Structures are given as C-alpha cells and as structure tokens.
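Read the structure below first, then the notes.
2 protein chains.
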Amino acid sequence: MRTSQNNLNNTEIVYNYLKDKEAPLTAYELLNDLHSKGIVAPTTVYRALEKLLEAGLIHRIESLNAWKVCCETHNKNMPIFEICDDCGSVTEHLDASLTQSIKKLTKRTGFLPNNPILEIRGQCVDCNSNL
Amino acid sequence: MRTSQNNLNNTEIVYNYLKDKEAPLTAYELLNDLHSKGIVAPTTVYRALEKLLEAGLIHRIESLNAWKVCCETHNKNMPIFEICDDCGSVTEHLDASLTQSIKKLTKRTGFLPNNPILEIRGQCVDCNSNL
DNA sequence: GAATAAATGTTATAACATAACATAATTAGC
DNA sequence: GCTAATTATGTTATGTTATAACATTTATTC
Ligand SMILES: [Zn+2]
Ligand SMILES: [Zn+2]
Ligand SMILES: [Zn+2]
Ligand SMILES: [Zn+2]
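Protein chains in written order, with our numbering: chain A, 1 to 131; chain B, 132 to 262.
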C-alpha cells in the first residue's frame, strides 16, 4: 500500500523521467525504462502522458510519435520544434512572427485553431557544421 | 500477365483513388478500399505511398497518419494544412509570410530545414459558423 | 464508515508500419 | 532475340504505437 504523500504517482514518475531527456521518448521507451518504477503496462504510460499533455507540461512530437517536456516559456506564442534527423535532438522555439503568420492565415480562412503542430525535420546546427 | 500499357500499376491505382478524396485516407483505408483492384497487402500500399511521396504528388498528414494528394501550387512556399476535427476536412494552404517566418527562424538557429510539418488542428469555417 | 469519484491494474486487441525473402516484369546491352 | 541487371510486385511474418473493456484499489466527501 502506498500513499501519494510518500510516493510518486505514475504521472509524476513519467514527468520526472522525461524532464531530464534531451530527445523525446516514445511511450514504449518510457514503458521499458520505467519497469523498475512499477510501470508495466502501456495503458499506464499513456494515461500519464495524457494527463501531462492536458496540464500543458509536455508536448507530443507528432512526426516522431514521441513526447518531450515543455520549455514553459510560451508567452502566448505557438511552439515550433526543430528536429534533427541526424542526432535526434529536438528544440522548442517560440517565435512571435511565426505565430502571427498563422493567426493571419486562420483569420483569413475562418478556421478556428485549436492545436497547431509545427515541426521542422532537418539537420541541427551542430550536425550541419561538422563537415 | 499484365502490361503497364494496358493496366494501372499499384502506384497509379493508389494515386487515382486518393486524388478524388476530400479527406485524407490512412494506409489501411486504402488497403481496404482497393482490395477489388488487387491490392491485398499493407506493403503494397506503403510502397505506392512512398513513391508518390518522393514524387511530391502526395503529402503525409502526420497528426492523422493519413495521406492526401498535393494541390501542386506550392510555388516555393511550404504547405500548411488546416485539419477540421469535426468534419475531417483537410485543406492545403501556401502562405508566403508563414514560409518567410520559418526561414527566418531556421536561419537564426542555424538549422537546415528539410521537411517542415505544419498542421493546424481545429474547426473549419463551415463547422464553426453553424451555431 | 458508507457512498462517490478518481486512479490504477490487467488482459486483450486495434491500428499503423516495416523486414525479409521469393518471384515476375521491365530495360538495357549485346 | 537472348541474357543480365534492375525494378516492381507478391507473400508471410513481425514490429511498433495506441486504445478498449472491465476489475480493483485508493482517495475524497458527506
Ligand atoms: Zn512548450
Ligand atoms: Zn543534430
Ligand atoms: Zn502540396
Ligand atoms: Zn469542419
């Protein structure tokens, strides 16, 4: 029997593990890595990820089927991710002019945006400068 | 025995089927719908999609795991997709200022963009005006 | 402390994607 | 035309990502 006062719940376990990682992790990577913490079923991982997502603490990287903690400096701007296909690094950026461009587009088309997915696959500065 | 002169190959079959659809289709929807055309294995569908993608004739909608024909009016701009979570419609847009915003960002960060994934989930104009 | 709600556990299965290897069709050079 | 090389296709199996369904436990409220 464990109490929430003394022990971490599944959501906290997943968050704590995820927040130290540079690259995003897939649900099954989390499952594998957190077996030792008592997380043994996919459902458990996905439920934790869902809660963290709702709380705005993590992002799902759609083109990788993977998950990463939020930098938490959004400031009303939409997050965009640069994903390096060489080293796997993923960096979150907030950019006012990009956010404005998207708002202008959706205003023009009458589209009500809810969840923008902005990801750029390519090569990070470290990987493309090492010629 | 069939010849390519008289019969459509798998890539053409998939393309022809996809190009009349408003909403994108998943690989397994294609597989199911094209059984009658002799496409009976996932591999066949995925190989056709890969070729069409390389040819720039279709896009993969990452957040839906689905595929849609390209509008073919890119004109050096990056495609962005408005995805209606109510009716399932997906519309492709080309927007110069958005493209510029992303180019500015990647230039600033030294990132070499290869494949931008720009998708906005939300509610299309038809669905959000019918109150 | 009984009723309700929230969280967790467990098993099974659905949905999406690729690996590995065999065979057939096309083409390019002779 | 014949052969070799290449490209396309077929087939089977399996890997990967995500959710459904239902039971049990824990926490909260009255
Ligand atoms: Zn964020
Ligand atoms: Zn890199
Ligand atoms: Zn396009
Ligand atoms: Zn709609």
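Using N, Cα and C, we set each Cβ at its ideal position, and we do this for glycine too. These numbers were taken from a predicted model, which means no experiment stands behind them.
8 Å or more divides the Cβ of residue 239 of chain B from the Cβ of residue 194 of chain B.
In the structure shown, the three-state DSSP call for residue 69 of chain A is strand. The beta carbon of residue 210 of chain B sits no closer than 8 Å to any beta carbon of chain A. Chain order gives no chain A residues near residue 199 of chain B, where near means a beta carbon separation below 8 Å; the closest approach is about 15 Å. Not one heavy atom of ligand 4 lies closer than 7 Å to the C-beta of residue 71 of chain A.
Residue burial is scored here from C-beta neighbours: residue 218 of chain B has fewer than 16 other C-beta atoms within 10 angstroms and is therefore classed as exposed. For residue 9 of chain A, the closest Cβ of chain B is not nearer than 8 Å. Relative to the Cα of residue 202 of chain B, the nearest Cα in the group B/255, B/162, B/152, B/159 belongs to B/152. Within the region 111–126 of chain A, contact with chain B at the beta-carbon level (separation under 8 Å) is assigned to 111, 112, 113, 114, 115, 116, 117, 118, 119, 120, 121, 122, 123, 124, 125. Of the residues assessed, residue 205 of chain B falls on the exposed side of the cut-off, its CB having fewer than 16 other CB atoms within 10 angstroms. Under a criterion of Cβ atoms nearer than 8 Å, the residues of chain B adjacent to residue 62 of chain A are, in order, 193, 194, 248, 250. Per DSSP, the beta-bridge partners of residue 215 of chain B are B/253.
Against chain B, the beta carbon of residue 33 of chain A has no neighbour under 8 Å; the closest one sits roughly 25 Å away.
Residues of chain B whose Cβ lies closer than 9 Å to the Cβ of residue 102 of chain A are, in chain order, 211, 226, 229, 232, 249, 251. By the rule that beta-carbons nearer than 8 Å mark a contact, residue 237 of chain B touches chain A.
Judged by their CB atoms, residue 24 of chain A and residue 67 of chain A are nearer to each other than the 8 Å cut-off. Relative to ligand 3, even the nearest heavy atom lies 7 Å or more away from the CB of residue 62 of chain A.
Excluding residues up to 5 positions away in sequence, 59, 68, 70, 71, 79, 80, 81 lie with their Cβ nearer than 8 Å to the Cβ of residue 92 of chain A in the same chain.
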